[in-house]
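Below: the structure, in structure tokens.
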Amino acid sequence: MKLRLNMSEVKRQAGRIKINKDLKDTKYEDLPQFIKDKIDKGRKMIAIAGLPK
Amino acid sequence: MRHDQYAVEETASLSEFEFYSEGPKGKFKKRVKLVPLGEGSLVYNLAFGDVSSNGEIDDLSVTNNNDSQKVLATVASTAYKFLEQHPDCYLYATGSTRARIRLYRMGITNNLAEITADFLVYGFCGNEWEAFERGKEYEAFLVKKRTFGI
Numbered sequence: 001m002k003l004r005l006n007m008s009e010v011k012r013q014a015g016r017i018k019i020n021k022d023l024k025d026t027k028y029e030d031l032p033q034f035i036k037d038k039i040d041k042g043r044k045m046i047a048i049a050g051l052p053k
Numbered sequence: 054m055r056h057d058q059y060a061v062e063e064t065a066s067l068s069e070f071e072f073y074s075e076g077p078k079g080k081f082k083k084r085v086k087l088v089p090l091g092e093g094s095l096v097y098n099l100a101f102g103d104v105s106s107n108g109e110i111d112d113l114s115v116t117n118n119n120d121s122q123k124v125l126a127t128v129a130s131t132a133y134k135f136l137e138q139h140p141d142c143y144l145y146a147t148g149s150t151r152a153r154i155r156l157y158r159m160g161i162t163n164n165l166a167e168i169t170a171d172f173l174v175y176g177f178c179g180n181e182w183e184a185f186e187r188g189k190e191y192e193a194f195l196v197k198k199r200t201f202g203i
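Residue numbers (the working numbering), protein chains in the order written: chain A, 1 to 53; chain B, 54 to 203.
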């Protein structure tokens with residue numbers, strides 16, 4: 001009996017692995033500057049106002 | 054949600070999503086990335102934009118692919134998925150330009166009843182977070198899953 005691969009599922013999993021690798025390898029220092037900027041801005045807003053009650 | 058959405062590819066932790074915008078200008082890969090504001094923080098920044106040729110998100114690109122509502126609904130669906138799995142977390146979002154902040158505010162306003170049925174929505178205004186109100190200008194938004202009894 002031949003093993004039949006579901007190519008769309010293989011591609012889907014491959015895409016998922018690639019994304020996971022990207023995520024795993026990303027540290028704050030390596031994030032794009034605009035994400036760092038937003039994170040810093042968000043931190044500032046939380047520091048000023050805290051979280052809403 | 055009642056709006057059309059694109060199919061998304063997601064990571065197991067639901068902290069990164071990708072999809073393709075399809076329209077008259079072609080096919081564009083989009084990415085949503087959710088990054089905690091600090092180690093152990095319950096607040097996650099929602100970053101979104103086109104995936105550029107170097108593989109990074111470009112949040113200033115303008116696609117003009119006549120599908121902004123579908124793209125916005127897709128991004129909102131990723132936020133839903135994330136908050137469903139992380140009910141204690143807040144999502145922090147702001148636009149890269151004033152126009153985009155306004156676009157997000159309109160997106161929330163136009164779907165406020167539907168969103169607030171499941172989520173608490175706040176806007177940052179005058180150095181404090183307040184419950185989101187129609188017609189007010191906010192610098193940023195916070196969204197949290199509504200927990201039973203609140």
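Built from N, CA and C at the ideal position, the CB exists for glycine as well.
Short check: CB of residue i to CB of residue j, under 9 Å?
i: B/Phe101; j: B/Lys83; result: yes
i: B/Asn98; j: A/Lys38; result: yes
i: B/Thr150; j: B/Arg199; result: no
i: B/Cys178; j: B/Glu167; result: no
i: B/Gly148; j: B/Asn118; result: no
i: B/Leu113; j: B/Ala146; result: no
Please classify residue i as buried or exposed, where buried requires at least 16 other C-beta atoms within 10 Å of its C-beta.
i: A/Met1; result: With a pLDDT of only 48 at A/Met1, under the threshold of 50, the placement of this residue in the model should not be trusted; the figure read from the coordinates follows. Exposed: under 16 other Cβ atoms inside 10 Å.
i: A/Gly50; result: exposed
i: B/Ile110; result: buried
i: A/Tyr28; result: exposed
i: B/Glu137; result: exposed
i: B/Ser68; result: buried
i: A/Ile48; result: exposed
Kindly list, in the order they appear in chain A, the residues whose Cβ is closer than 7 Å to that of residue i.
i: B/Gly91; result: Arg43
i: B/Ala152; result: Simply none; closest approach about 16 Å.
Who are the neighbours of residue i on chain B, taking C-beta pairs under 7 Å?
i: A/Lys38; result: Asn98, Ala100 and Thr147
Per DSSP, residue i forms a beta bridge with which residues?
i: B/Ala65; result: Answer is none; B/Ala65 lacks a bridge partner.
i: B/Glu181; result: B/Cys178
i: B/Lys197; result: B/Tyr143 and B/Leu173
Fill in: beta strand (DSSP E) runs wholly inside the segment 67-154 of chain B, at least 3 long, in chain order
69-76, 79-89, 96-104 and 143-146
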